[in-house]
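A.B. asks: The structure is given below, and queries will be raised subsequently.
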Amino acid sequence: MGEQFFLSLQQNIKLFLWMPILCAIFRAIFIGVYHPYETLKGKGHIIRTCFTFGFWWGMDINAYQLLILLMLGTLPFLAFPDYYMMAAIVLNTVLSCIIYAAFAGKMQFYKHFNDTYNYMLHYGKHADKKNLIDIFFNQDKGWWVLAGFIPVAAISYGASTLLSAIPSIPYPHFESNIAAGASAFGFLVIYVVIYYWLHYGGTLNHRNKPEWDVVPTIVKEDIFFAKATIDDLEALKLVRKTPLTAAQMKSDEELVEDVNHLMPCRDWQTLDNPLHAFKRVAKGARIAKPKHIFLIVGESIPQWSMDPLYMNFNICPGLREFVADVHTACVPNFLPAGNVSRPSISSLISGIYDSGMELNEKEIFWNNTLPTALAAQIKRLGYQTIYWYGGNSSSGNFTKYGKAQGFDRIENATEFCGPQAPQTWLGVYDHVFLEEAAKRIVAMEEPTFHFVYTTTNHGPYKLEDKYLDFDARRDLPGVGDDILNRKDGNKGLATYKYCDKAIFDFVDAMKAKFPDSLFIVTGDHSNLFGEFNNTSFLHRDYTMREIRNTVFYMQHPELSQTSLPASIGTHLSIMPTIIETIAPKGFEYYAAVPSAFDEQPDVHVTPYQWITSDMVGDVLGDYGQYQTYTAEPSEYIRPINNHAQDAEYWRSLSAWMMKFYANVQYGRYTWQQ
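Shown next as structure tokens:
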């Protein structure tokens, strides 16, 4: 039995090899049938990279065949060794047919939607099944697809038989049963390690597992080959892991009813684009047109670091000096568009809330420019537009998304800083990134809008100590030993101070070169890296303000600290505020919320939080909190309107825009029709 176990494990590995081979064959067929190029000549490098990364990424699913063969082949047939080989080959053939089914479905899906499996698969749950069957058999020649199972099964059976004939390593016989049992266990351990090594894409470190975010740039920047890289079962797995939001599952009638509450006019459905209902007219420039505009989005800049309770801490001296300038205006109570980075950046770029729908990952937003898009509208004022990112913008498809939404150039620090630049797992160290960006910007003569997004102030905080200028006893006056003595716990504060210096050294360099520049500073979201709650310094938990609020500061020589009358706002307020600052009177633009120069609604609502001039809360909570700065516990105000329905209206708008562009792109055919 030990010999049978040892030999069958080897056979499993040999049979498993057919899975990535079959996936590669199907990938080649897909590329050959659907590639949009006149010829594939000269595409050798991108094709090789596509197949190489696709091979390792596909192991996430394909490696399961090792477990299937072990559990359904090796172990059950230890007592029936004569039948093991047939059972294993049949199992291999069955899984091959499953892979073929996924491939055939992908080919049909691409034919209709010019895309591999995506979120629209979820719409099939509510589609007219008879209509789908009719399309499959009468429009897509479904009988030929079904007939394809026969040659696939036959070829897979034959290939599995040939692979099983590869010579095996002879079984090392042992004199004692104890040694034989130990060796069998050792063989199993090696087998499991091989499984995990393959499942994680050629590594035993789960963090390095291949996934969409780390697809090589050369492949990801080519939309077609980016789609070809992912195996079909893996694509289906990702779709399953990303279910539609409740707003995406709503009917047209339900979405229209929701969106009606946001639109300033009732005839918005008759417009060329629904977002044209948000047309606004600039009242006239508040400042002379600056040559350069800098929107700096610092990773994890929290409002709490600027509140009176924490002002004795020396953790963001650059930001405080910037704010103290007589020419800096602010909105004191400010919400991000998302609780994590991507929805915030996606919303800032598009001018509508991402609402957790990952608009940046949707191909329809790689090919259509939203009327509310930040860069696209600023371009109309005579600026070239550049997105400067401390990492690699192909992660999250922000290269394609950013260009579609109006950026002329996408500059990635991972490229222009060179391969030797020190990096965190997100991007190049802030000071290196910003110094290199500054060298390029000072040579620019053309009026330019710069969207600058840093990355280093993000956990895990592993920046080397040589870059950190932080001493808890010096920089945190008034705290107790429980805070002073926690080196690891203060690493986030030290990193925040490092990033603050990098950002405002950059600001100072740009002011020295271009003194008429307009600077806007915000964070992508807040962060609690201070860990002061429930300590000797702060005898309470964090407040909603501390957990959620980020900052909004704007500086120019012609502005003052009283230039912005608004006391509340969100990330969507930034774009109209920039336009109302620099645009000539009569300039038409599109913005879902008013600028900070204009009268504000009583409450601003994002898909996640709501804020008034004196309170803030989560839309999923049943309470609000006053925007207090004291060390005393903050009162929970109940009952209260949590504005959950208003948040749902914003989510419905995002869902409607996805459907609007999908209808345009796919000739008004959707799964629900």
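Residue numbers (this note's numbering): -5 to 667. The C-beta atom is built at its ideal place from N, Cα and C for all residues, glycine as well.
1. Take the Cβ of ALA625 as the centre, count every other Cβ of all protein chains shown within 10 Å, and call the residue buried at 16 or more, exposed below.
2. DSSP three-state call for VAL426: helix, strand or coil?
3. Excluding the five sequence neighbours on either side, which residues of its own chain have a C-beta within less than 8 Å of the C-beta of PRO14, listed in chain order?
4. Rank GLU552, LEU470, LEU227 and ILE514 by C-alpha distance to the C-alpha of SER530 and give the top, closest one.
5. May I ask you to list the residues that DSSP assigns as paired with ILE605?
6. Go ahead and pull the three-state DSSP assignment for ASP517.
7. Does the beta carbon of TYR492 come closer than 7 Å to any beta carbon on chain D?
8. With C-beta atoms as the reference, is GLY385 less than 7 Å away from THR448?
9. If you reduce the DSSP assignment to three classes, tell me which class LEU11 lands in.
10. Under a Cβ-count criterion, where at least 16 other Cβ atoms within 10 Å of its own Cβ denotes burial, should TRP138 be classed as buried or exposed?
11. Taking the straight line between their C-alpha atoms, what separation do you get for ILE149 and ILE93?
12. With contact counted as at least three CB pairs below 8 Å, one residue from each stretch, are the segment 524 to 538 and the segment 313 to 324 in contact?
13. Using the Cα positions of TRP206 and LEU238, report the straight-line distance between them to the nearest angstrom.
14. At which residues does the beta strand (DSSP E) containing LEU289 begin and terminate?
15. CB GLY278 to CB ILE497, shorter than 7 Å?
16. Can you give the Cα-Cα distance for ASP518 and MET79, rounded to whole angstroms?
17. Taking only runs that begin and end inside the segment 436 to 508, name each unbroken beta strand (DSSP E) of 3 or more residues, in chain order.
18. In its own chain, which residues sit with a C-beta less than 8 Å from the C-beta of ILE40, not counting the 5 before and 5 after it?
19. Hey, which unbroken runs of the alpha helix (DSSP H) at 4 residues or more fall wholly within the segment 389 to 426?
20. Determine the extent of the beta strand (DSSP E) in which THR379 is found, giving its start and end residues.
21. Got a sec, what are the start and stop residues for the beta strand (DSSP E) GLY350 sits in?
22. Among PHE(-1), GLY483 and LYS491, whose alpha-carbon lies nearest the alpha-carbon of PRO166?
23. Can you list, in chain order, the residues of its chain whose CB lies under 7 Å from that of HIS29, leaving out five sequence neighbours each side?
24. Below 8 Å on the Cβ atoms is my guess for PRO330 versus ASP510; work out the distance and round it to an integer in Å.
25. Decide if CYS259 is buried, meaning its Cβ has at least 16 other Cβ atoms within 10 Å, or exposed.
26. What separation, rounded to the nearest whole angstrom, lies between the Cα atoms of GLN666 and TYR602?
27. For the segment 343 to 358 against the segment 635 to 654, are there 3 or more C-beta pairs whose distance is under 8 Å?
28. In this structure, what does DSSP give as the bridge partners for CYS324?
29. Using CA atoms only, rank isn't needed, just tell me which of ARG467, LYS244 and TYR492 is closest to ARG480.
30. Between PHE445 and the rest of its own chain, which residues show a CB-CB distance below 6 Å, the 5 nearest in sequence each way excluded?
31. Identify, in the order they occur along the chain, each residue of the same chain with its Cβ nearer than 8 Å to the Cβ of LYS235, setting aside the five sequence neighbours on each side.
32. Scan the segment 517 to 590 and note each continuous alpha helix (DSSP H) run of 4 residues or more that stays entirely inside, going in chain order.
33. Quick check: THR442 and TYR584, are their CB atoms within less than 7 Å of each other?
34. Are the Cβ atoms of ALA656 and ILE358 separated by less than 7 Å?
35. Since GLN5 sits in a beta bridge, which residues does DSSP pair it with?
36. Out of curiosity, what's the CA-to-CA distance linking VAL610 and TYR620?
C.D. replies: In short, the structure shows the following:
1. Your numbering for residue 625 matches position 631 in the sequence shown. Flag for ALA625 reads exposed.
2. In the sequence shown, counting from the first residue as 1, residue 426 sits at position 432. Helix at VAL426.
3. As a position in the sequence shown, residue 14 is number 20, starting the count at 1. Cβ neighbours of PRO14 beyond the five flanking positions: PHE49, GLY52, MET53 and ASN56.
4. Mapped onto the sequence shown, residue 530 falls at position 536. Closest option to SER530, Cα to Cα, is LEU470.
5. Mapped onto the sequence shown, residue 605 falls at position 611. For ILE605, which the question treats as bridged, DSSP gives the partners HIS598 and VAL610.
6. In the sequence shown, residue 517 corresponds to position 523, counting from 1. The question names Asp, but residue 517 in the sequence shown is Gly. Reduced to three states, the DSSP call for GLY517 is strand.
7. Note that chain D does not occur in the displayed structure, where there is just one protein chain.
8. To locate residue 385, count along the sequence shown from 1; it is residue 391. To locate residue 448, count along the sequence shown from 1; it is residue 454. Taking the C-beta atoms as reference points, THR448 is found no nearer than 7 Å to GLY385.
9. Taking the sequence shown and counting its residues from 1, the one referred to as residue 11 is at position 17. In the structure shown, LEU11 sits in coil (DSSP, three-state: anything other than H, G, I, E or B).
10. Counting from 1 along the sequence shown, the entry for residue 138 is found at position 144. The residue in question, TRP138, is exposed, as its Cβ has fewer than 16 Cβ neighbours within 10 Å.
11. One-based indexing of the sequence shown puts residue 149 at position 155. One-based indexing of the sequence shown puts residue 93 at position 99. Looking at the two C-alpha atoms, the distance is approximately 13 Å.
12. no
13. The residue labelled residue 206 in the question sits at position 212 within the sequence shown. The residue labelled residue 238 in the question sits at position 244 within the sequence shown. Each residue's alpha carbon lies about 19 Å from the other.
14. Walking along the sequence shown from the start, residue 289 turns up at place 295. First-last of the beta strand (DSSP E) with LEU289: 286 to 292.
15. As a working mapping, residue 278 is identified with position 284 in the sequence shown. As a working mapping, residue 497 is identified with position 503 in the sequence shown. In this structure, GLY278 keeps its C-beta atom at 7 Å or more from the C-beta atom of ILE497.
16. Walking along the sequence shown from the start, residue 518 turns up at place 524. Walking along the sequence shown from the start, residue 79 turns up at place 85. Cα-Cα distance, rounded: 57 Å.
17. 442 to 447
18. For this step, residue 40 is matched to residue 46 along the sequence shown. ILE212, VAL213, ASP216 and PHE219.
19. 392 to 398 and 407 to 410
20. One-based indexing of the sequence shown puts residue 379 at position 385. That run of the beta strand (DSSP E) goes 378 to 383.
21. As a working note, residue 350 is residue 356 in the sequence shown. Taken as a continuous stretch (DSSP letters only), GLY350 belongs to no beta strand (DSSP E), as it is neither H nor E.
22. Here residue 166 refers to the residue found at position 172 when the sequence shown is read from its first residue. Among PHE(-1), GLY483 and LYS491, the Cα nearest to that of PRO166 is on PHE(-1).
23. The residue given as residue 29 occupies position 35 in the sequence shown. Within the same chain, HIS29 has close Cβ partners PHE218.
24. The sequence position of residue 330 within the sequence shown is 336, counting from 1. The sequence position of residue 510 within the sequence shown is 516, counting from 1. Not quite, the Cβ-Cβ distance comes to about 29 Å (not below 8 Å), so this is no contact.
25. For the purposes of this step, residue 259 is identified with residue 265 of the sequence shown, where counting begins at 1. Under this definition CYS259 is an exposed residue.
26. The residue given as residue 666 occupies position 672 in the sequence shown. The residue given as residue 602 occupies position 608 in the sequence shown. Since pLDDT at GLN666 reaches only 38, below the 50 mark, its modelled position is unreliable, and the value read off the structure follows with that caveat. Distance between the alpha carbons of GLN666 and TYR602 is about 28 Å.
27. yes
28. On the sequence shown, residue 324 is found 330 positions in, with the first residue counted as 1. For CYS324, which the question treats as bridged, DSSP gives the partners TYR547.
29. Here the question's residue 480 lines up with position 486 in the sequence shown. That would be ARG467, whose Cα lies nearest to the Cα of ARG480.
30. As a position in the sequence shown, residue 445 is number 451, starting the count at 1. Cβ within range, chain order: LEU289 and TYR381.
31. Counted from its first residue, the sequence shown places residue 235 at position 241. By the criterion of a C-beta distance shorter than 8 Å, LYS235 is surrounded by no residue of its chain, once the five residues flanking it on both sides are discounted.
32. 538 to 542 and 568 to 576
33. Here the question's residue 442 lines up with position 448 in the sequence shown. Here the question's residue 584 lines up with position 590 in the sequence shown. No.
34. Within the sequence shown, numbered from 1, the residue matching residue 656 stands at position 662. Within the sequence shown, numbered from 1, the residue matching residue 358 stands at position 364. In this structure, ILE358 lies closer than 7 Å to ALA656 by Cβ.
35. Your numbering for residue 5 matches position 11 in the sequence shown. Under DSSP, no beta-bridge partner is assigned to GLN5.
36. Residue numbering aside, residue 610 sits at position 616 when the sequence shown is read from its first letter. Residue numbering aside, residue 620 sits at position 626 when the sequence shown is read from its first letter. Between VAL610 and TYR620, the C-alpha separation is close to 7 Å.
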